[in-house]
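S.K.:
Number of protein chains: 4
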Amino acid sequence: MKEDSKTTIQELKERLKKFRDDRDWKQFHDPKNLAEAISIEAGELQELFLWKDKEKIIKELKEDEEFRKEVGKELADIIIFCLNFANATDIDVATIVKDKITKGDNKYPVEKAKGTATKYNKL
Amino acid sequence: MKEDSKTTIQELKERLKKFRDDRDWKQFHDPKNLAEAISIEAGELQELFLWKDKEKIIKELKEDEEFRKEVGKELADIIIFCLNFANATDIDVATIVKDKITKGDNKYPVEKAKGTATKYNKL
Amino acid sequence: MKEDSKTTIQELKERLKKFRDDRDWKQFHDPKNLAEAISIEAGELQELFLWKDKEKIIKELKEDEEFRKEVGKELADIIIFCLNFANATDIDVATIVKDKITKGDNKYPVEKAKGTATKYNKL
Amino acid sequence: MKEDSKTTIQELKERLKKFRDDRDWKQFHDPKNLAEAISIEAGELQELFLWKDKEKIIKELKEDEEFRKEVGKELADIIIFCLNFANATDIDVATIVKDKITKGDNKYPVEKAKGTATKYNKL
């Protein structure tokens, strides 16, 4: 957990902005295409788990270093496109995430939501 | 961009871990379900752009504050599930993202990739 | 199974073409938007199963008529956009499906693929 | 359009059922995994269109036979998993599609919906 503790979101956003601008790729990074890219990469992460039940996946993630790396790569792709999206639309990631957590606190009060996956509108 | 500059990835991960554990939701946060959740939320972001071309989307994001907020909420949901996924699998986000950028530097050398969306294996 | 036995794919395609043209929606039905629509609807089907394991889903599908209807509606949405896509691109669905089955017969020979979910390139 | 005119949905479903049972794959075809498979394949279709605008896609589909075949294969994969899903859950495809069209007629009355992509609840 070392890197996550010292890396700000802005730092990753800056690196990705540089990567994009070095290649003159801003022209491709419109919100519609980036949302597609996020969805495509989310599919690729799912593909690693297809036909497997959750116990098998958890076991493989523990024991198979190669598999673990593959999963990490697909997760990275999704996050990278999310940050590219935030760069393209000038959205502050920490603000929207913290806002959502605050809203989640109201929608899912601890005493009602504890231990149940029921959606907030049916709690 | 204020929050992103001072918020580490670990800080968001900690907040989400607390949110999860306060509700005893760790039992639901297995990798298979979380990958599904990421994909579902990616679909919801896309839905905001459906039937619209990219110019219209960019214009709406600039002029329509309500739309902009909706987009931010959906992006937040995707990122939140990515961070929940990283928590559940004990993956260091900054490490995998930086690794991917390094690999991208090799796969897409600036002189070859500049201004083209061609995939690396066809460059 | 009564309707499926007497309904050709062309019949459904014709109905959807009429629905589209009555509303002058051909202008929106380009391949990029329709592919997005398919993906969005696939996410909505998945959402009905989120946080549930497969045994629970199978049980609910048997016992909960309301849930079964919801699932049918989401499946219908995906298929409808697939057929709209076929209409927009002038693709013959039965031909491409039969071709894929023939190719699947070669990629997954019965003696090798029996009882295993292993991908063809690792069989 | 020859094949679609003479092929019933049931015929495709039967072929896919045989393909599945010859390989003893019914055990993998539960609704949760099949919904994932649909979503993954939807992502693969989208990937063929990523970074391209709709005019370019339409042009390529007309002029590039290889590209057209790739698109057909990905569409086929989605439809195949939809039909596998219908087989696994004993859902009659023609019934749910026709029901949806009837509902669409009510939700999107021609006089209101003509030429606009506005969602029914905002018409």
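Protein chains in written order, with the working numbering: chain Z, 1 to 123; chain A, 124 to 246; chain W, 247 to 369; chain B, 370 to 492.
C-beta atoms are modelled at their ideal positions from N, C-alpha and C, and glycine is treated no differently.
Does I202(A) get closer than 8 Å to chain W when you measure Cβ to Cβ?
M.R.: Cβ-Cβ to chain W under 8 Å: no for I202(A).
S.K.: N456(B) touches chain Z at which residues, Cβ-Cβ below 8 Å?
M.R.: Residues of chain Z passing the Cβ test: none, with the nearest at roughly 16 Å.
S.K.: Output, in sequence order along the chain, the residues in the stretch 161 to 172 of chain A whose CB is closer than 9 Å to any CB in chain W.
M.R.: Those residues of the stretch 161 to 172 of chain A that come within reach of chain W (Cβ to Cβ, closer than 9 Å) are S162, I163, E164, A165, G166, E167, Q169, E170, F172.
S.K.: Going by C-alpha to C-alpha distance, which of G43(Z), A86(Z), Y120(Z), K54(Z) sits closest to E14(Z)?
M.R.: For the residues G43(Z), A86(Z), Y120(Z), K54(Z), the minimum Cα distance to E14(Z) belongs to A86(Z).
S.K.: Strictly below 7 Å CB to CB, what residues from chain Z border N402(B)?
M.R.: Simply L50, W51.
S.K.: To the nearest angstrom, how far is the alpha carbon of A322(W) from that of V466(B)?
M.R.: If you take the alpha carbons of A322(W) and V466(B), they lie about 5 Å apart.
S.K.: Whole angstroms are fine: how far does the CA of L262(W) sit from the CA of L45(Z)?
M.R.: Cα-Cα distance, rounded: 33 Å.
S.K.: Who pairs with T8(Z) in a beta bridge, going by DSSP?
M.R.: T131(A).
S.K.: Would you call the stretch 277 to 286 of chain W and the stretch 409 to 429 of chain B touching, i.e. three or more CB-CB distances under 8 Å?
M.R.: Yes, the stretch 277 to 286 of chain W touches the stretch 409 to 429 of chain B.
S.K.: Comparing the C-beta of E178(A) with each C-beta of chain B, is any distance below 8 Å?
M.R.: E178(A) does not count as touching chain B.
S.K.: Going along chain A in order, which residues have a C-beta closer than 9 Å to the C-beta of E405(B)?
M.R.: Near E405(B) (Cβ distances below 9 Å), the residues of chain A are K155, A158, E159, S162.
S.K.: What's the C-alpha gap between L258(W) and I91(Z)?
M.R.: Taking the straight line from one Cα to the other gives about 43 Å.
S.K.: In chain order, what residues of the stretch 370 to 385 of chain B put their CB closer than 9 Å to some CB of chain W?
M.R.: So the close ones are M370, K371, E372, D373, S374, K375, T376, T377, I378, Q379, E380, L381, K382, R384, L385.
S.K.: Counting pairs of beta carbons, one from the stretch 179 to 195 of chain A and one from the stretch 44 to 59 of chain Z, are three or more of them closer than 8 Å?
M.R.: Taking 8 Å as the limit for Cβ pairs, the verdict is that the stretch 44 to 59 of chain Z does not touch the stretch 179 to 195 of chain A.
S.K.: Should D399(B) be labelled buried (16 or more other beta-carbon atoms within 10 Å of its own) or exposed?
M.R.: Buried, because 16 or more other Cβ atoms sit within 10 Å of the Cβ of D399(B).
S.K.: In terms of alpha-carbon separation, which member of G473(B), V440(B), L403(B), G484(B) lies closest to N453(B)?
M.R.: Comparing Cα positions, the closest option is L403(B).
S.K.: Would you mind reading off the limits of the alpha helix (DSSP H) that contains E400(B)?
M.R.: Before going further, note that residue 400(B) is Pro rather than Glu in the sequence given. It spans 400 to 416 - the alpha helix (DSSP H) in which P400(B) sits, taken as one unbroken run.
S.K.: My understanding is that K483(B) touches L492(B), with C-beta atoms under 8 Å, so please give their C-beta distance in whole angstroms.
M.R.: Actually they do not touch by this definition, with Cβ atoms about 11 Å apart.
S.K.: Determine the contact status of T130(A) and A94(Z), defining contact as a CB-CB distance below 8 Å.
M.R.: Taking 8 Å as the Cβ cut-off, T130(A) and A94(Z) qualify as a contacting pair.
S.K.: F28(Z) versus chain B: which residues are under 8 Å apart at the beta carbon?
M.R.: Correct list: W420.
S.K.: Using only the alpha-carbon positions, how far apart do V356(W) and R392(B) sit?
M.R.: Between V356(W) and R392(B), the C-alpha separation is close to 6 Å.
S.K.: Check K91(Z) in the structure and name its three-state DSSP category.
M.R.: One point to set straight first is that residue 91(Z) is Ile, not Lys, in the sequence displayed. Correct three-state label for I91(Z): coil.
S.K.: Please classify D323(W): does DSSP put it in a helix, a strand, or coil?
M.R.: Three-state DSSP puts D323(W) in a helix.
S.K.: T485(B): which of W271(W), V317(W), Y354(W) sits nearest, CA to CA?
M.R.: It is W271(W).
S.K.: Assign A455(B) to one of three DSSP states: helix, strand, or coil.
M.R.: Residue state, collapsed to three classes: helix.
S.K.: Sort K100(Z), Y120(Z), D99(Z) by Cα distance to K107(Z) and report the nearest one.
M.R.: Out of K100(Z), Y120(Z), D99(Z), Y120(Z) has the C-alpha closest to the C-alpha of K107(Z).
S.K.: Show which residues of chain C have a CB atom less than 8 Å away from the CB atom of A359(W).
M.R.: Absent from the structure is chain C; the protein chains it does hold are Z, A, W and B.
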